[in-house]
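What follows is one structure encoded as structure tokens, with my remarks underneath.
Chains as they are written, first to last, in our numbering: chain A, 2 to 157; chain B, 672 to 825.
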């Protein structure tokens, strides 16, 4: 018969062996580094105009002067599948005027994978439409959103 | 014995939970700057070389890109606009003749290109002048054409 101390030691040993053999593998923590924010640039105050920033390294032909997509550098386990989420609609305001920004992310969909080095670059663009009457104020508009990345299925 | 067995599954469960990866979040901002569109206020819509006597030889007349005086006929005047733009930016000016006067020689507009710097104030006054070689063969009478001035943000 084991003493209480011997019994505890045996139990700890069994627990460690069970954890090593049957528990999910430990994954590297996902780290998101924001390289830059989403900036639509200097947009003309024309009622009905739509301005678009492509979710890419270059903003595209429908962007205003100086625009750029947000960029995030993600690291985690090599070749791991991840889920990337963010708000599709964000309100930006200057206190006088408000406008809805529809965000556009790349890559998107349900099949996003970190590369063999465990790295992934995510771009966040978007579009907004100036109301028919145009903006009342020319003060800059600003808002914020959150990008979330997690492993699919709880781990790689 | 029984007490020892009770510890085992509970401790194993705690070790398993400690190995699970957590999601990561990153907040980012979305910013828009609004720029006032470029607008024209027409002060004088016509570049007018004035009344010119038919010359004996080819003679160059010039309307300067200002309020004058000009080296042209009686009543000569430059086209004149007040152009407004946003204090953020500069703009480029380009001019072109879209319909000629139907004379022997063509009008050369001045400036053919320019820059308006709205960062130092708005509106900016823009004069459009030009030069014309008047030929003795040119018919008498009034001759009218059209030109275009374009101002775009850089």
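Cβ coordinates follow ideal geometry from the N, Cα and C atoms, glycine included.
- [ ] Determine whether the Cβ of residue 108 of chain A lies closer than 9 angstroms to any Cβ atom of chain B.
- [x] Position 107 of the first chain holds residue 108 of chain A. It does not; no Cβ of chain B falls within 9 angstroms.
Open item on the list: Using CA atoms only, rank isn't needed, just tell me which of A:146, A:29, A:99 is closest to residue 105 of chain A.
Closed with: The residue given as residue 105 of chain A occupies position 104 in the first chain. The residue with the shortest Cα to Cα distance from residue 105 of chain A is A:146.
Open item on the list: So for residue 25 of chain A, helix, strand or coil by DSSP?
Closed with: The residue you call residue 25 of chain A lines up with position 24 of the first chain. Confidence at residue 25 of chain A is low in this model, with a pLDDT of 43, below 50, so its placement is unreliable and the value that follows should be read with caution. The answer is coil: DSSP assigns residue 25 of chain A none of H, G, I, E or B.
TODO: Pull up the distance between the alpha-carbon of residue 139 of chain A and that of residue 700 of chain B, whole angstroms please.
DONE: Sequence index remark: in the first chain, residue 139 of chain A carries index 138 (1-based). Sequence index remark: in the second chain, residue 700 of chain B carries index 29 (1-based). Roughly 19 angstroms between the two C-alpha positions.
Task: Beta-carbon gap between residue 131 of chain A and residue 52 of chain A smaller than 9 angstroms - done: Within the first chain, the letter at position 130 stands for residue 131 of chain A. Within the first chain, the letter at position 51 stands for residue 52 of chain A. The answer is yes: Cβ separation under 9 angstroms.
- [ ] For the segment 114 to 146 of chain A, enumerate the residues whose C-beta is nearer than 8 angstroms to any C-beta of chain B, in chain order.
- [x] 125, 127, 129, 136, 138, 139, 140, 141, 142, 143, 144, 145, 146
Task: CB contact flag (residue 84 of chain A, residue 113 of chain A, <9 angstroms) - done: Within the first chain, the letter at position 83 stands for residue 84 of chain A. Within the first chain, the letter at position 112 stands for residue 113 of chain A. A contact, by the Cβ cut-off of 9 angstroms.
TODO: Count the other C-beta atoms from every protein chain shown that fall within 10 angstroms of the C-beta of residue 78 of chain A, then say buried if there are 16 or more, exposed otherwise.
DONE: Counted from its first residue, the first chain places residue 78 of chain A at position 77. Result: buried.
TODO: Answer with yes or no whether the minimum CB distance from residue 788 of chain B to chain A is below 9 angstroms.
DONE: In the second chain, the residue the question calls residue 788 of chain B occupies position 117. Answer no: the Cβ-Cβ gap between residue 788 of chain B and chain A never drops below 9 angstroms.
TODO: With a threshold of 16 other CB atoms inside 10 Å of the CB of residue 703 of chain B, please say whether the residue is buried or exposed.
DONE: In the second chain, residue 703 of chain B corresponds to position 32, counting from 1. The residue is buried, with at least 16 neighbouring Cβ atoms inside 10 Å.
Open item on the list: For a quick check, are the C-beta atoms of residue 817 of chain B and residue 760 of chain B less than 9 angstroms apart?
Closed with: Start at 1 with the first residue of the second chain, and residue 817 of chain B comes out as number 146. Start at 1 with the first residue of the second chain, and residue 760 of chain B comes out as number 89. Not a contact, by the Cβ cut-off of 9 angstroms.
Open item on the list: I need the DSSP call for residue 133 of chain A, collapsed to helix, strand or coil.
Closed with: Residue numbering aside, residue 133 of chain A sits at position 132 when the first chain is read from its first letter. Residue 133 of chain A falls in the coil class under three-state DSSP.
Open item on the list: According to DSSP, is residue 751 of chain B part of a helix, a strand, or is it coil?
Closed with: In the second chain, the residue the question calls residue 751 of chain B occupies position 80. Three-state DSSP puts residue 751 of chain B in a strand.
TODO: From the DSSP output, in three-state form, read off residue 711 of chain B for me.
DONE: Numbered from 1 along the second chain, position 40 holds the residue referred to as residue 711 of chain B. Residue 711 of chain B falls in the strand class under three-state DSSP.
Open item on the list: Could you check whether the Cβ of residue 71 of chain A sits closer than 9 angstroms to any Cβ belonging to chain B?
Closed with: Residue mapping note: residue 71 of chain A aligns to position 70 of the first chain, counting from 1. Taking Cβ atoms only, chain B reaches closer than 9 angstroms to residue 71 of chain A, which makes this a yes.
Open item on the list: Residues of the segment 749 to 760 of chain B in Cβ contact with chain A at a cutoff of 8 angstroms, in chain order, please.
Closed with: 757, 759, 760
TODO: Starting from residue 817 of chain B, trace the beta strand (DSSP E) both ways and give me its first and last residue.
DONE: If you number the second chain from 1, residue 817 of chain B lands on position 146. Start and end: 817 to 824.
Open item on the list: Please identify, using Cβ separations under 8 angstroms, the residues of the segment 696 to 718 of chain B that lie next to chain A, in order along the chain.
Closed with: So the close ones are 696, 697, 698, 699, 700, 701, 702, 703, 704, 705, 706, 707, 708.
TODO: Report, in whole angstroms, the separation of the C-beta atoms of residue 799 of chain B and residue 750 of chain B, which I expect to be a contact under 8 angstroms.
DONE: The sequence position of residue 799 of chain B within the second chain is 128, counting from 1. The sequence position of residue 750 of chain B within the second chain is 79, counting from 1. With a Cβ gap of about 4 angstroms, residue 799 of chain B and residue 750 of chain B count as contacting.
TODO: Compute the beta-carbon to beta-carbon distance between residue 726 of chain B and residue 807 of chain B, rounded to the nearest angstrom, for a pair I have assumed lies under 8 angstroms.
DONE: By 1-based counting over the second chain, the position of residue 726 of chain B is 55. By 1-based counting over the second chain, the position of residue 807 of chain B is 136. Taking a contact as a CB-CB distance under 8 angstroms, the pair residue 726 of chain B and residue 807 of chain B counts as one, their CB atoms being some 6 angstroms apart.
- [ ] Determine the chain A residues that contact residue 817 of chain B at a beta-carbon separation under 8 angstroms, and present them in chain order.
- [x] Translated into positions along the second chain, residue 817 of chain B becomes position 146. What residue 817 of chain B touches in chain A: nothing, since even the nearest Cβ is about 26 angstroms away.
Task: Buried versus exposed, by CB contacts within 10 Å (16 or more), residue 144 of chain A - done: Your numbering for residue 144 of chain A matches position 143 in the first chain. In summary, residue 144 of chain A is buried, with 16 or more beta-carbon neighbours lying within 10 Å of its beta-carbon over all protein chains present.
- [ ] With a threshold of 16 other CB atoms inside 10 Å of the CB of residue 141 of chain A, please say whether the residue is buried or exposed.
- [x] The residue labelled residue 141 of chain A in the question sits at position 140 within the first chain. Classification for residue 141 of chain A: exposed.
- [ ] Flag this pair as yes or no: are the beta carbons of residue 822 of chain B and residue 756 of chain B separated by less than 9 angstroms?
- [x] Residue 822 of chain B sits at position 151 when you count from the first residue of the second chain. Residue 756 of chain B sits at position 85 when you count from the first residue of the second chain. Contact flag set, yes.
Open item on the list: Closest to residue 752 of chain B by C-alpha separation, out of B:775, B:744, B:736, B:707, would be which residue?
Closed with: By 1-based counting over the second chain, the position of residue 752 of chain B is 81. Cα-wise, what sits closest to residue 752 of chain B is B:736.
Task: residue 47 of chain A burial status per 10 Å Cβ neighbour count (16 or more: buried) - done: By 1-based counting over the first chain, the position of residue 47 of chain A is 46. Under this definition residue 47 of chain A is an exposed residue.
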